[in-house]
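Using the working numbering, you'd call the opening residue of the sequence shown number 3 and step up by one each time.
Glycine included, C-beta positions come from ideal geometry on N, C-alpha and C.
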Amino acid sequence: MNVTKDNESGPGIAIGPLQWRPGKTLLLVAGPCVIEDASLCLHIAGHAKAVCGRLGISYVFKASFDKANRSSVKSFRGAGMTAGLATLRQVREKCAVPVTTDVHESGQVAEVARAVDLLQIPAFLCRQTDLLVAAGESGRAVNIKKGQFMAPWEMGNAVEKVRATGNRAVVLTERGTFFGYNRLVNDMTAVPQMRALGAPVIFDATHSTQLPGALGTATGGQREFVPLLARCAMAAGADGLFLEVHPTPEKSASDAATIFPLDQLEGLLRTCLAVRAAAHLDGIIN
Numbered sequence: 003m004n005v006t007k008d009n010e011s012g013p014g015i016a017i018g019p020l021q022w023r024p025g026k027t028l029l030l031v032a033g034p035c036v037i038e039d040a041s042l043c044l045h046i047a048g049h050a051k052a053v054c055g056r057l058g059i060s061y062v063f064k065a066s067f068d069k070a071n072r073s074s075v076k077s078f079r080g081a082g083m084t085a086g087l088a089t090l091r092q093v094r095e096k097c098a099v100p101v102t103t104d105v106h107e108s109g110q111v112a113e114v115a116r117a118v119d120l121l122q123i124p125a126f127l128c129r130q131t132d133l134l135v136a137a138g139e140s141g142r143a144v145n146i147k148k149g150q151f152m153a154p155w156e157m158g159n160a161v162e163k164v165r166a167t168g169n170r171a172v173v174l175t176e177r178g179t180f181f182g183y184n185r186l187v188n189d190m191t192a193v194p195q196m197r198a199l200g201a202p203v204i205f206d207a208t209h210s211t212q213l214p215g216a217l218g219t220a221t222g223g224q225r226e227f228v229p230l231l232a233r234c235a236m237a238a239g240a241d242g243l244f245l246e247v248h249p250t251p252e253k254s255a256s257d258a259a260t261i262f263p264l265d266q267l268e269g270l271l272r273t274c275l276a277v278r279a280a281a282h283l284d285g286i287i288n
């Protein structure tokens, strides 16, 4: 079982060796969009871990071994399952950090769960019952990304599908809502509404700036708004942040329009912690 009790901060969630206490410690899930090579992943994980260590933030490394929902059949999808999971194991062992990745099919769950500490359900698949149940039965903590087509309160059904397996370690991620064609918007009331479902809420500040399919054969985006949205999420009471980061964003093999510069990560997190502290002091966050 992945849920622990803490008298000061309420229920805690075990993400591998990490005992995360939502509401007490900010969680950062960060890494490249897709696994390009092991050296890049190790570099990003090491940098992010050091930053989080200085700031007192809990950290989970994220990278996808396969991006199954690319705009074009010609888009780079990743290293593949075998090589990708080997890289994630390497990051977990060498950097001593928990790791997470996406699962797209229920048949992938058992093998992926042996290599990672947190299973991520992609937004487009948040209603897939077999996938959610398999993730719950794995015994790993599960992060369900809210579909761009879902209302916040509708995510309660997704949470219950995982919890029906006996697994209480469920996290939700907000990543924007479709608004017409090629546009996402963020309703920050989604954060407290999903927290009211009894699950911690992470805010995905990079995918929220996407312009889906706007480039025709690729997704566009507005990276410049990542800091703004991240600060807003902290004021709204988000328990954590999801950020895709890269040392050279323009060279990223996936989501180059939205991925955030690695060298700006610490400055952004310092600002977010300040906003979060102010919101707590003013009694905004319950």
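Point to revise | Nearest residue (CA-CA) to Q122, options T89, V75, A65 and A98 | key: A65
**Study point:** Option nearest P34 by Cα separation, candidates E246, G58, A279 and D265
**Key:** E246
Check your understanding: Is A201 closer than 7 angstroms to V144 when the C-beta atoms are compared?
Key -> Not a contact, by the Cβ cut-off of 7 angstroms.
Exercise for review: Grab me the residues of A137's own chain with a C-beta within less than 7 angstroms of its C-beta, minus the 5 sequence neighbours each way, in chain order.
Suggested key: V105, V111, L121, I123, V144 and V164
Point to revise | Close Cβ partners of D361 (< 6 angstroms) along its chain, the five nearest in sequence each way excluded | key: Summary: the structure shown does not reach residue 361, with the chain confined to residues 3 through 288, and so no result is reported for it.
Check your understanding: Would you call E95 buried or exposed, if buried means 16 or more other Cβ atoms sit within 10 Å of its Cβ?
Key -> exposed
Review point. Taking the continuous alpha helix (DSSP H) assigned at T208, which residues delimit it?
Key: Per DSSP, T208 belongs to no alpha helix (DSSP H) and is neither H nor E.
Exercise for review: Any chance you could list the beta strand (DSSP E) runs of at least 3 consecutive residues sitting entirely within the region 49-95, in chain order?
Suggested key: Those beta strand (DSSP E) runs which fall completely within the region 49-95 and span 3+ residues are 60-64.
Review point. Using the beta-carbon count (16 or more within 10 Å), is R56 buried or exposed?
Key: So R56 ends up on the exposed side.
Review point. Thinking C-beta only, is P100 closer than 7 angstroms to G218?
Key: no
**Study point:** Enclosing beta strand (DSSP E) for D104 [first to last residue]
**Key:** V101 to D104 is the extent of the beta strand (DSSP E) around D104.
Review point. Can you name, in chain order, every residue of its own chain whose Cβ lies under 8 angstroms from the Cβ of I204, other than the five neighbours on each side?
Key: L29, V31, N145, V173, L174, T175, E176, A240, D241, G242, L243 and F244
Exercise for review: Identify whether L270 lies in helix, strand or coil by the three-state DSSP scheme.
Suggested key: helix
Practice item. With DSSP as the reference, label F126 as helix, strand or coil. Key: helix
Check your understanding: Is it a yes or a no for the region 227-236 touching the region 269-284, going by three-plus beta-carbon pairs under 8 angstroms?
Key -> Result yes; three or more Cβ-Cβ pairs closer than 8 angstroms.
Exercise for review: Just list the beta strand (DSSP E) runs in the region 27-51, keeping only unbroken ones of 3 residues or longer that don't cross its boundaries, in chain order.
Suggested key: 29-33
Exercise for review: Quick one: grab the DSSP three-state call for E246.
Suggested key: strand
Check your understanding: Do you know whose CA, among L44, T103, R129 and R170, lies nearest G149's CA?
Key -> R129
Point to revise | G12 (DSSP reduced to helix, strand or coil) | key: Caution applies to G12, whose pLDDT of 49 falls short of 50 and renders its modelled position unreliable; the value that the coordinates give is listed next. The answer is strand: DSSP assigns G12 an E or B state.
Review point. Who pairs with W22 in a beta bridge, going by DSSP?
Key: Beta-bridge pairing links W22 to I15.
**Study point:** Strand pairing of G223, partner residues [DSSP]
**Key:** Bridge pairing for G223: Q212 [DSSP].
Point to revise | Where E107 falls: helix, strand or coil (DSSP) | key: E107 carries a coil assignment under DSSP once its states are collapsed to helix, strand and coil.
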